[in-house]
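Chemist: This is the structure I have questions about; it appears just below.
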Amino acid sequence: MAPSSSSLIVFAFIALACALCVQSTSGNIACEDLKEDSCAYAVSSSGKRCVLEKHVRRSGEEKCTCRASDIEAEKLKDWIETDKCIEACGVDRHALGISSDSLLEPQFTHKLCSSACYRSCPNIVDLYFNLAAGEGVYLPKLCEAQRAHGRREMAEIKSSGMVAPGPESDGGKPVSFYSVAPAPPPY
């Protein structure tokens, strides 16, 4: 029995819908094409992390744009973070920039180290693993300490005594710093 024309139309429609779904989920994410509500915690097809930035126009109007940062995600490409992970990890979908400051907040670290985030959200964990490493902190150890000691570990990170080395003087001469007048405002 030959298929009817209506069943061929239905089949063609389903095939087209499937092709569009596969195309839209399989990639080529460009940070610059993302909207404000999907930019933060996204990873482009080149593996660069997307970052939300705020620009203030001369009129005073604020506009947020998404761009690719210089930070590469390990083993991740074409990724827009799920709402489930955003909530589980306690991050903000509208966060500007990329910063390790939130690692000092006990409420954030508690959510980041929770099993709902740590075991299920590799993108966010990878990002904060690298941010913590940049601060000289090993995230698994921080999470272990957070579960055991809570606030005390955060205080130790804040007052670790680690100080970035200052500029070295040349031949025993003291290093001098000078101030510069601020730039005039734009017209």
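Those letters in the sequence shown? Residues -19 to -1, 1 to 168, by mature numbering (1 follows the signal peptide of the UniProt record, and there is no 0).
The C-beta atom is built at its ideal place from N, Cα and C for all residues, glycine as well.
Give the range of the beta strand (DSSP E) segment to which lysine 35 is assigned.
Modeler: Indexing the sequence shown from 1 puts residue 35 at position 54. First-last of the beta strand (DSSP E) with lysine 35: 29 to 37.
Chemist: Lysine 16 by DSSP, collapsed to three states: which one?
Modeler: The sequence position of residue 16 within the sequence shown is 35, counting from 1. Coil, per DSSP.
Chemist: Is valine 106 helix, strand or coil by DSSP?
Modeler: Reading the sequence shown from its first residue, position 125 is the one you call residue 106. Of the three classes helix, strand and coil, the one that applies to valine 106 here is helix, per DSSP.
Chemist: Measuring alpha carbon to alpha carbon, tell me which residue in Glu68, Asn9, Ala11 and Ser27 is nearest glutamate 55.
Modeler: Residue 55 sits at position 74 when you count from the first residue of the sequence shown. The option with the nearest alpha carbon to glutamate 55 is Ser27.
Chemist: Would you kindly work out how many angstroms separate the C-alpha atoms of residue 184 and asparagine 104, rounded to a whole number?
Modeler: What the structure shows of the chain is the stretch from -19 to 168, and residue 184 is not part of that stretch, so it cannot be assessed.
Chemist: Comparing alpha-carbon positions, which option in Ser101, His130, Ala129 and Cys94 lies nearest leucine 120?
Modeler: Looking up residue 120 in the sequence shown gives position 139. That would be Cys94, whose Cα lies nearest to the Cα of leucine 120.
Chemist: Checking 8 Å against the spacing of the C-beta atoms, do histidine 91 and alanine 21 come in under that value?
Modeler: Here residue 91 is taken as the residue at index 110 of the sequence shown, counted from 1. Here residue 21 is taken as the residue at index 40 of the sequence shown, counted from 1. Cβ distance not < 8 Å, so histidine 91 and alanine 21 don't count as in contact.
Chemist: Would you tell me roughly how many angstroms separate the C-alpha atoms of glutamate 13 and arginine 48, rounded to the nearest one?
Modeler: Position 32 of the sequence shown, counting from 1, holds the residue named residue 13. Position 67 of the sequence shown, counting from 1, holds the residue named residue 48. Glutamate 13 and arginine 48: Cα-Cα distance of roughly 5 Å.
Chemist: Measuring straight from C-alpha to C-alpha, what distance separates cysteine 45 and arginine 38?
Modeler: Position 64 of the sequence shown, counting from 1, holds the residue named residue 45. Position 57 of the sequence shown, counting from 1, holds the residue named residue 38. Each residue's alpha carbon lies about 11 Å from the other.
Chemist: Whole-angstrom Cβ separation of cysteine 102 and alanine 129, contact assumed at under 8 Å?
Modeler: Within the sequence shown, the letter at position 121 stands for residue 102. Within the sequence shown, the letter at position 148 stands for residue 129. Incorrect: roughly 22 Å between the Cβ atoms, too far for contact.
Chemist: Does glutamate 62 pass the burial test, meaning 16 or more other C-beta atoms within 10 Å, or should it be called exposed?
Modeler: Taking the first residue of the sequence shown as position 1, residue 62 is located at position 81. Result: buried.
Chemist: My guess is that isoleucine 52 and arginine 30 are in contact by the Cβ rule of under 8 Å, so how many angstroms apart are they, rounded?
Modeler: Along the sequence shown, one-based indexing puts residue 52 at 71. Along the sequence shown, one-based indexing puts residue 30 at 49. Correct: roughly 5 Å between the Cβ atoms.
Chemist: Just verifying my parser: in three-state terms, what is the DSSP assignment at cysteine 45?
Modeler: Sequence index remark: in the sequence shown, residue 45 carries index 64 (1-based). Here cysteine 45 sits in strand by DSSP.
Chemist: How is the alpha helix (DSSP H) around glutamate 116 delimited, first residue to last?
Modeler: As a working mapping, residue 116 is identified with position 135 in the sequence shown. That residue, glutamate 116, is in no alpha helix (DSSP H); it is neither H nor E in DSSP.
Chemist: Measure the alpha-carbon distance for leucine 108 versus proline 87 and round it to whole angstroms.
Modeler: Along the sequence shown, read from residue 1 onward, the residue named residue 108 stands at position 127. Along the sequence shown, read from residue 1 onward, the residue named residue 87 stands at position 106. Approximately 18 Å between the Cα atoms of the pair.
Chemist: Distance check for leucine 84 and valine 3, CA to CA, integer angstroms please.
Modeler: Position 22 of the sequence shown, counted from the start, is the residue given in the question as residue 3. Position 103 of the sequence shown, counted from the start, is the residue given in the question as residue 84. Unreliable positioning characterises valine 3 in this predicted model, as indicated by a pLDDT of 37, which lies under 50. A coordinate reading is not provided.
Chemist: What residues are listed by DSSP as bridge partners for glutamate 53?
Modeler: In the sequence shown, residue 53 corresponds to position 72, counting from 1. Answer is Lys29, bridged to glutamate 53.
Chemist: State the beta-bridge partners of valine 24 as determined by DSSP.
Modeler: In the sequence shown, the residue the question calls residue 24 occupies position 43. Bridge partners of valine 24: Arg30 and Trp60.
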